[in-house]
Structures are given as structure tokens and as C-alpha cells.
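Here's the structure we're looking at; comments come further down.
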Amino acid sequence: MKTKTITCLLTLAAALSASAQKPDHRGERRPPPPPPILAAIDADHDGTLSAKEIEAASEALAKLDKNGDGALTADELHLPP
Numbered sequence: 602m603k604t605k606t607i608t609c610l611l612t613l614a615a616a617l618s619a620s621a622q623k624p625d626h627r628g629e630r631r632p633p634p635p636p637p638i639l640a641a642i643d644a645d646h647d648g649t650l651s652a653k654e655i656e657a658a659s660e661a662l663a664k665l666d667k668n669g670d671g672a673l674t675a676d677e678l679h680l681p682p
């Protein structure tokens, strides 16, 4: 009887300690943000470019050209050198 009681208590203690641990959230990570060019062109922020968004791309890209020289640099796109 004593052996059964001790076994039950040890099993209960192991189960309680396992349930007290933090859950593993590895599968719930957010995807990285899209590159600035895609973010600027993707008007509805769905991660894809529609035909309308591609047609309007030059206007959206012009907004990224901070110094107005007609070219996009790594600094304007926030890209590492």
C-alpha cells in the first residue's frame, strides 16, 4: 500500500511540474517584415502584388526616393551596406 501511495504521489508531482512549464511557442513566430520596396508597393499589405499595385509601383517607389534624385539608394531602402 505504501509503495502504491508513493508511486501515485511521484507520478502526480511529475505531471504537475510538467504542466507548470512555459508552453513552447516556436510555431507561433511572426514572419519577418517585408522589404521596404514590397511594403511601399503592396497597398493592401497582403504580401502579394496585384496588377493594380504593379501599375501604381512607380508612384509608390517615388515616395521612397527621399532626396528626389530619381534613384533609390540602400539608405533610402534601409538596407545594410
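Residues 602 to 682 (this note's numbering) make up the sequence shown, in order.
We treat Cβ as the ideally placed atom computed from N, Cα and C, and that holds for glycine.
Same chain, Cβ closer than 8 Å to residue i, neighbours up to 5 away in sequence not counted
i	result
THR612	none
SER651	ASP645
THR606	none
Close Cβ partners of residue i (< 7 Å) along its chain, the five nearest in sequence each way excluded
i	result
GLU654	ILE642, ASP643, ALA644
THR674	none
Option in the options with minimal Cα separation from residue i
i	options	result
THR649	GLU660, SER659, PRO635	PRO635
LEU678	SER659, LEU665, LYS603	LEU665
ALA661	LYS603, PRO633, PRO637	PRO637
LEU639	LYS667, ASN668, GLY671, ALA658	ALA658
Heavy atom of the ligand FAD within 7 Å of residue i beta-carbon
i	result
ASP647	Absence of the ligand FAD from the depicted structure is noted, as is the absence of any ligand whatsoever, leaving it without description.
My parser needs the alpha helix (DSSP H) runs of 4 or more residues fully inside the region 628-667; what are they? Entirely contained in the region 628-667, the alpha helix (DSSP H) runs reaching 4 residues are, in chain order, 637-642, 652-656, 658-665.
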